[in-house]
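Notes to accompany the following structure.
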Amino acid sequence: MQATSEGGGPNPALIAFLCLFLIMGLVQVIRPQLLWRVNSRMQRGWVKDPEGTEPTGKGYTMQRVTGVIFLAVATWMLVQQV
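Numbering follows my numbering, in which position 77 of the sequence shown is assigned residue number 77; successive positions increment by one, without gaps.
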């Protein structure tokens, strides 16, 4: 069963949303430090030492593995829509 819009074709809003997910997944795989930097700024008001929450090398590796799985699922969903 394929989810489509009323016109019978793929839903352009869903495809754009999935493409955004692909970009987020690529950032998580290629530069997980960038995601940590953005998130650490959000912690400034309620965490004593936001820089102390930076993941170790193994933590970044786990983020990359999770990003690869996320990319695979988002790609599968995009292929199902097209």
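C-beta: ideal position from N, C-alpha, C; glycine also. As the structure is a prediction and not an experimental result, all values here were calculated from the model.
Segment limits, alpha helix (DSSP H) that includes residue i
i: proline 12; result: 12-30
i: glycine 45; result: Counting along the chain, glycine 45 falls outside any alpha helix (DSSP H), and DSSP gives it neither H nor E.
i: glycine 59; result: 57-81
Test item: CB-CB of residue i and residue j under 8 Å
i: valine 29; j: arginine 64; result: yes
i: threonine 53; j: valine 47; result: yes
i: glycine 143; j: phenylalanine 70; result: There is no way to answer for residue 143, as the model of the chain reaches only from 1 to 82.
i: leucine 35; j: valine 27; result: yes
Burial state of residue i, where buried means 16 or more other Cβ atoms lie within 10 Å
i: valine 20; result: As written in the sequence, residue 20 is leucine, which differs from the valine given in the question. Result: exposed.
i: glycine 67; result: buried
i: alanine 74; result: buried
Alpha-carbon spacing of residue i relative to residue j, whole angstroms
i: asparagine 11; j: tyrosine 60; result: 34 Å
i: proline 32; j: arginine 41; result: 15 Å
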